[in-house]
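When the letters of the sequence shown are read in order and numbered with this note's numbering, they come out as residues 1464 to 1629.
Even for Gly, the Cβ is constructed at its ideal location relative to N, Cα and C.
Bear in mind that the values here come from a model prediction, so they are computed numbers and not experimental data.
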Amino acid sequence: AVRAVLDCSKPVATVVTGCMASAHFWLGTCADHTFATSPLCEVGSVGVVLTHYGMRRYFEMNGIDYREIYPDTADLKNRASRDVDEGGDESLYKARAERIHRVFSERVARNLGIAYDPKLPLFRGELFAADEAVKAGYIDEFGDLADAVAWVLARAAVARAAGYDE
1464 AVRAVLDCSK PVATVVTGCM ASAHFWLGTC ADHTFATSPL CEVGSVGVVL
1514 THYGMRRYFE MNGIDYREIY PDTADLKNRA SRDVDEGGDE SLYKARAERI
1564 HRVFSERVAR NLGIAYDPKL PLFRGELFAA DEAVKAGYID EFGDLADAVA
1614 WVLARAAVAR AAGYDE
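Given below as structure tokens:
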């Protein structure tokens, strides 16, 4: 979906009607212009969370002999999960999450036309009210669907007048 929006030859507008967070924010930043319908809208949450459900103790408490058996030739299979289950080591999960977060943050920064700064609250998972997001340049302005349609049509008309075939 991100590639489709970025490669679109037509003007693209996003309309936020509630919360545009995480992956939705990434996709929304690919648009040419973003409108929020209300100051109560929220945007941001550029962050990553991985969830691990360890079921071994639950099974043991219920008298179930739970085993995961791996061949010696696949010793790295589910390593991150096994490290957590066997000793509480989250380092492989955290390393994976950090790689994903870095790519996510860099792409959002590029879409917004700003430098990626890992200390910036935006890239640490902060969620912003729409008025804060407009002020920070994370979205463009307040408006509704009609405003977005008018913006797209105006951009298309300008392109046609300039000789571009939108």
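Check your understanding: Would you report the Cα separation of D1580 and P1534, rounded to the nearest angstrom?
Key -> For the purposes of this step, residue 1580 is identified with residue 117 of the sequence shown, where counting begins at 1. For the purposes of this step, residue 1534 is identified with residue 71 of the sequence shown, where counting begins at 1. In a straight line, the C-alpha of D1580 is about 43 Å away from that of P1534.
Point to revise | L1503 in three-state terms, based on DSSP | key: Here the question's residue 1503 lines up with position 40 in the sequence shown. Of the three classes helix, strand and coil, the one that applies to L1503 here is coil, per DSSP.
Review point. If you scan the stretch 1485 to 1562 from start to end, which runs of the beta strand (DSSP E) of 3 or more residues do you find wholly inside it?
Key: 1496 to 1499 and 1505 to 1507
**Study point:** Nearest neighbour of C1482, chosen from F1498, V1475 and A1467 [CA to CA]
**Key:** Numbered from its first residue, the sequence shown carries residue 1482 at position 19. Minimum Cα distance to C1482 is reached at F1498.
**Study point:** Proximity of W1489 and V1547 at Cβ, strictly below 7 Å
**Key:** The residue labelled residue 1489 in the question sits at position 26 within the sequence shown. The residue labelled residue 1547 in the question sits at position 84 within the sequence shown. Their beta carbons are not under 7 Å apart, which means W1489 does not touch V1547 by this criterion.
**Study point:** Burial state of I1532, where buried means 16 or more other Cβ atoms lie within 10 Å
**Key:** Position 69 of the sequence shown, counted from the first residue, corresponds to residue 1532. It counts as exposed.
Check your understanding: To the nearest angstrom, how far is it from the Cα of R1623 to the Cα of E1569?
Key -> As a working note, residue 1623 is residue 160 in the sequence shown. As a working note, residue 1569 is residue 106 in the sequence shown. Spanning the two alpha carbons is a distance of roughly 33 Å.
Review point. In three-state DSSP terms, what is K1582?
Key: Within the sequence shown, residue 1582 is the residue found at index 119, counting from 1. Of the three classes helix, strand and coil, the one that applies to K1582 here is coil, per DSSP.
Check your understanding: Is the beta carbon of S1508 sitting closer than 7 Å to the one on S1485?
Key -> Counting from 1 along the sequence shown, the entry for residue 1508 is found at position 45. Counting from 1 along the sequence shown, the entry for residue 1485 is found at position 22. Result yes, Cβ atoms of S1508 and S1485 sit closer than 7 Å.
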